[in-house]
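Student: Questions regarding the structure given below will be posed in turn.
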Amino acid sequence: IGSTVSAVNLTVTVLNMRAPGMTLMRMPVFTWMTFIVQVLLVFALPVITVALLLLTLDRMFGATFFDASAGGDPFLWEHLFWIFGHPEVYIMVLPSFGIASEVIPAFSRKPIFGYPFMVGSGIAIGFMGWGVWAHHMFASGMGPISVLAFSLATMFIAVPTGVKILNWMATMYGGRIRFTSAMLFSVGLVAMFTIGGLSGVTHAFAPMDTQQTDTYYIVAHFHYVLFGGALFGLFSGIYFWWPKIFGYFLNEKLGKVHFWLMIIGFNLTFGPMHILGLQGMMRRTFTYTEGQGFNGWNLVATLGAYTLAVSILVFMWNAFRSYRTHRKNPVNPGPDPWDARSLEWMIPSPTPEHNFDEVPIVEDFDEFWHRKYGHDENGRPVRIAATEDVVQKGDATDVHLPSPSYWPLVLAAGFPLIGYGLIFNLWWALPGVILLIAGIYGWVLEPSTDPSAGHGHGDDHHHDDDDSDAASLDEPGADDPEDTSAEDSGPREGDRELEPAMASAAADSDDAAVSGVVEDGASS
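Numbering (the numbering used here), first residue to last: 1276 to 1799.
Pasting the structure below:
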């Protein structure tokens, strides 16, 4: 329930709360991937919710949905689980794809290669992820037609994944790459996910899939996708956004030690599992006899697991040591320590509670980069403004924030009790239901601190009769890429001048044009 509501919230936020001028095709790739994940969650979570409800009815109330001896169908549980389970893989890995798509351009000093294709491939992965769930069920006796259909779908989903990998490589090609800790983890993601993707494509061949089902080959493939994809991307994002969140850097030397220990330990742990699976070692095996031939590779995997554990300890020590160093000798990294491209680097570090002093007006993809850089006659980037001249100062006033409330905590406290009651004793569910109802009742009827407060920066416009607030957001061309009226109102990327003085004049002209749009809308 919480995940579904959060997914709806983020979906509506992306569709309705973007900055003025930020069309869908100007959004950062990370935001796009997050948006796709929320859509997947909205449709995937109800499936597992229904499956768990049916299972609860079987366990607690004597229903027979999955009881073959009473006329039920256990095959139904497999379908319900994997209809949710395979989109869930992309739910976990797509945000890391988005992180890599922010980190790699920043440290290659190039825009992301093929932005529309990166967005389109993410959408394709999300859509096609619904069509491959049964390649985990080839050994269940589905029949040749079903096996053929899911084999083809498994082949096709490799295409958009390959597009992303090639575009990341093309972004790095010819760039001035800085191998920071964040960049190393993103490059590691590209390499490890490529291996995981290739091992996954082998499941498109039904005879191979049937032999690999429920063996350690599946364990290896799954971890190269999720550990090599999702977790490497997560650590890349942690090193990248840590100074923005906390206002100080993680130690780069320790970060690189963390990366090399992790990638070595990861491959030592899960690489041999491909071989063990092909040798016939079944998954969920906790012991085996001496003569089965599994000893050597399992020893290697064990050593790799210890290496992984050491890498995590290095990261924890890095976080602790960096915090202590910052406390003794505070050094603020500034708003834009990486010379990055997206809008969050316009605000101070650590991030103010209100985020932006004022909502920026977006004219280009990678808007912040284009405020700092233009291009010379040869198309090479040239600095047109100092970072301190284009960042915000963190001194906003009249910022609207939601009213604080304890009722959501009361509501949430009811769910663990209900879950415990459904598993062990139904009477425990009763106080959970009472807390749930009380939380909803109190939350809905709780008086707002300021019912007429605005939801943006500056003055409140909730009761304006002239729709001036709406006029400021609905500028021409803001949502229609074919409408060029707004584009003609100010300088665009190709028109930006190379000298700082001329850039400042262009910015003043642009501000005047936007102001004119607002005033025209308000008066009309």
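We put the CB at the ideal spot given by N, CA and C, even for glycine.
Every value quoted in this text rests on a predicted model; they were computed, and no experiment measured them.
To which residues does DSSP link Tyr1648 through a beta bridge?
Tutor: Locating residue 1648 in the sequence shown gives position 373, where the first residue counts as 1. Answer is Arg1658.
Student: Applying the 10 Å Cβ sphere with the 16-neighbour rule, what's the burial state of Ala1414?
Tutor: Start at 1 with the first residue of the sequence shown, and residue 1414 comes out as number 139. Exposed is the call here.
Student: With a cut-off of 8 Å, do at least 3 Cβ pairs link the region 1582-1593 to the region 1603-1617?
Tutor: Contact between the region 1582-1593 and the region 1603-1617 is absent, because fewer than three Cβ pairs lie under 8 Å.
Student: Would DSSP call Met1412 helix, strand or coil?
Tutor: Taking the sequence shown and counting its residues from 1, the one referred to as residue 1412 is at position 137. DSSP places Met1412 in coil when its eight states are reduced to three.
Student: So which of Met1467, Leu1686, Met1430 and Asn1593 has the shortest CA-CA distance to Ile1440?
Tutor: Start at 1 with the first residue of the sequence shown, and residue 1440 comes out as number 165. Among Met1467, Leu1686, Met1430 and Asn1593, the Cα nearest to that of Ile1440 is on Met1467.
Student: Which residue or residues does DSSP assign as beta-bridge partners of Met1557?
Tutor: Start at 1 with the first residue of the sequence shown, and residue 1557 comes out as number 282. Answer by DSSP bridge pairing, in chain order: Thr1490.
Student: Span of the alpha helix (DSSP H) holding Ala1424?
Tutor: Here residue 1424 is taken as the residue at index 149 of the sequence shown, counted from 1. Pro1419 to Phe1431 is the span of the alpha helix (DSSP H), which, as asked, contains Ala1424.
Student: Only counting runs of 4 or more residues, tell me where the alpha helix (DSSP H) segments fall wholly within the region 1492-1547, in order along the chain.
Tutor: If we require 4 residues or more, the alpha helix (DSSP H) runs fully inside the region 1492-1547 come out as 1507-1521.
Student: Within the same chain, show all residues whose beta-carbon is closer than 6 Å to that of Ala1495, passing over the 5 residues directly before and after it, in chain order.
Tutor: Counting from 1 along the sequence shown, the entry for residue 1495 is found at position 220. Taken in chain order, the residues that qualify are Phe1545, Met1548 and His1549.
Student: Let me confirm a value: Ala1375 is counted as buried when at least 16 other C-beta atoms fall within 10 Å, else exposed. Which label applies?
Tutor: Residue numbering aside, residue 1375 sits at position 100 when the sequence shown is read from its first letter. By the 10 Å Cβ count, Ala1375 comes out buried.
Student: Between Glu1565, Trp1572, Gly1566 and Thr1564, which has its C-alpha nearest Leu1553's C-alpha?
Tutor: Working through the sequence shown from its first residue, we reach residue 1553 at position 278. Taking only the C-alpha atoms, the option nearest Leu1553 is Trp1572.
Student: Could you name the residues of the same chain whose beta carbon sits closer than 8 Å to that of Pro1656, not counting the 5 residues immediately before and after it, in chain order?
Tutor: The sequence position of residue 1656 within the sequence shown is 381, counting from 1. Result list for Pro1656: Arg1384, Tyr1648, Gly1649 and His1650, in chain order.
Student: Check Ala1671 in the structure and name its three-state DSSP category.
Tutor: Along the sequence shown, read from residue 1 onward, the residue named residue 1671 stands at position 396. Looking at Ala1671 - three-state DSSP - the assignment turns out to be coil, as it is neither helix nor strand.
Student: I need the straight-line Cα distance from Leu1423 to Trp1702, nearest angstrom please.
Tutor: Within the sequence shown, the letter at position 148 stands for residue 1423. Within the sequence shown, the letter at position 427 stands for residue 1702. Rounded to whole angstroms, Leu1423 to Trp1702 spans 49 Å at the Cα level.
Student: Out of Val1532, Gly1450 and Val1304, state which residue places its alpha-carbon closest to the alpha-carbon of Leu1588.
Tutor: Here residue 1588 is taken as the residue at index 313 of the sequence shown, counted from 1. Per the Cα distances, Val1532.
Student: One question on the structure: do Thr1286 and Gln1313 come within less than 8 Å of each other, judged by their Cβ atoms?
Tutor: As a first step, residue 1286 is located in the sequence shown; it is residue number 11 there, counting from the start. As a first step, residue 1313 is located in the sequence shown; it is residue number 38 there, counting from the start. Yes, the Cβ-Cβ distance between Thr1286 and Gln1313 is below 8 Å.
Student: What number of angstroms, rounded off, separates the C-alpha of Ser1281 from the C-alpha of Leu1316?
Tutor: As a working note, residue 1281 is residue 6 in the sequence shown. As a working note, residue 1316 is residue 41 in the sequence shown. Those two C-alpha atoms are separated by around 9 Å.
Student: Quick one: measure Cβ to Cβ for Ala1704 and Ile1715, integer angstroms, because I've assumed they're closer than 8 Å.
Tutor: Taking the first residue of the sequence shown as 1, we reach residue 1704 at position 429. Taking the first residue of the sequence shown as 1, we reach residue 1715 at position 440. At roughly 16 Å, the Cβ-Cβ gap does not stay under 8 Å, so Ala1704 and Ile1715 are not in contact.
Student: Looking at C-alpha atoms only, which residue of Leu1710, Trp1682, Tyr1681 and Ser1680 is the closest neighbour of Phe1690?
Tutor: Locating residue 1690 in the sequence shown gives position 415, where the first residue counts as 1. Comparing Cα-Cα distances from Phe1690 to each of Leu1710, Trp1682, Tyr1681 and Ser1680, the minimum goes to Leu1710.
Student: For Asp1744 and Ala1671, what's the separation of their Cα atoms in angstroms?
Tutor: As a working mapping, residue 1744 is identified with position 469 in the sequence shown. As a working mapping, residue 1671 is identified with position 396 in the sequence shown. Caution applies to Asp1744, whose pLDDT of 42 falls short of 50 and renders its modelled position unreliable; the value that the coordinates give is listed next. Each residue's Cα considered, the two are about 18 Å apart.
Student: Let me know if Gly1397 comes out buried or exposed under the rule of 16 or more other beta-carbons within 10 Å of its beta-carbon.
Tutor: Locating residue 1397 in the sequence shown gives position 122, where the first residue counts as 1. Gly1397 is buried by the Cβ-count criterion.
Student: If the criterion is Cβ atoms closer than 8 Å, does the pair Gly1503 and Phe1541 meet it?
Tutor: Position 228 of the sequence shown, counted from the start, is the residue given in the question as residue 1503. Position 266 of the sequence shown, counted from the start, is the residue given in the question as residue 1541. Yes, the Cβ-Cβ distance between Gly1503 and Phe1541 is below 8 Å.
Student: Quick one: grab the DSSP three-state call for Val1407.
Tutor: Position 132 of the sequence shown, counted from the first residue, corresponds to residue 1407. Correct three-state label for Val1407: coil.
Student: CA-CA distance, Ala1319 and Pro1362?
Tutor: Here the question's residue 1319 lines up with position 44 in the sequence shown. Here the question's residue 1362 lines up with position 87 in the sequence shown. Taking the straight line joining both Cα atoms gives about 7 Å.
Student: Measuring CB atoms only, is the region 1463-1481 touching the region 1321-1341, in the sense that at least three cross pairs come out at less than 8 Å?
Tutor: Touching, no, given that fewer than three Cβ pairs across the two stretches are closer than 8 Å.
Student: For Leu1351, count the other beta carbons within 10 Å of its own beta carbon; 16 or more makes it buried, fewer makes it exposed. Which is it?
Tutor: Along the sequence shown, read from residue 1 onward, the residue named residue 1351 stands at position 76. Under this definition Leu1351 is an exposed residue.
Student: On the three-state DSSP scale, how would you describe His1361?
Tutor: Mapped onto the sequence shown, residue 1361 falls at position 86. His1361 falls in the helix class under three-state DSSP.
Student: Pick out whichever of Met1403, Asn1653, Gly1437 and Leu1720 has its Cα sitting closest to the Cα of Ile1470.
Tutor: If you number the sequence shown from 1, residue 1470 lands on position 195. Ranking the options by Cα distance to Ile1470, first place goes to Gly1437.
Student: Could you check which residue in Ile1400, Ile1539, His1601 and Tyr1598 has the C-alpha nearest to that of Gly1579?
Tutor: Numbered from 1 along the sequence shown, position 304 holds the residue referred to as residue 1579. Answer by Cα proximity: Ile1539.
Student: Taking 8 Å as the threshold (C-beta atoms), are Met1412 and Trp1357 in contact?
Tutor: One-based indexing of the sequence shown puts residue 1357 at position 82. One-based indexing of the sequence shown puts residue 1412 at position 137. Their beta carbons are under 8 Å apart, which means Trp1357 touches Met1412 by this criterion.
Student: Within the same chain, show all residues whose beta-carbon is closer than 8 Å to that of Arg1301, passing over the 5 residues directly before and after it, in chain order.
Tutor: If you number the sequence shown from 1, residue 1301 lands on position 26. Taken in chain order, the residues that qualify are Val1637, Asp1639, Phe1640 and Glu1642.
Student: Please go through the same chain and pick out, in chain order, the residues whose beta-carbon is closer than 7 Å to the beta-carbon of Phe1431, but skip the five residues on each side of it.
Tutor: Here the question's residue 1431 lines up with position 156 in the sequence shown. The residues are Met1403.
Student: Under three-state DSSP, which class holds Ser1597?
Tutor: Stepping through the sequence shown from its first residue, residue 1597 is reached at position 322. In the structure shown, Ser1597 sits in a helix (DSSP, three-state: H, G or I).
Student: Start and end of the alpha helix (DSSP H) containing Tyr1695?
Tutor: Along the sequence shown, one-based indexing puts residue 1695 at 420. Here the alpha helix (DSSP H) through Tyr1695 covers Trp1682 to Ile1698.
Student: What's the gap between the Cα of Tyr1499 and the Cα of Gly1463?
Tutor: Locating residue 1499 in the sequence shown gives position 224, where the first residue counts as 1. Locating residue 1463 in the sequence shown gives position 188, where the first residue counts as 1. Their Cα atoms are separated by approximately 11 Å.
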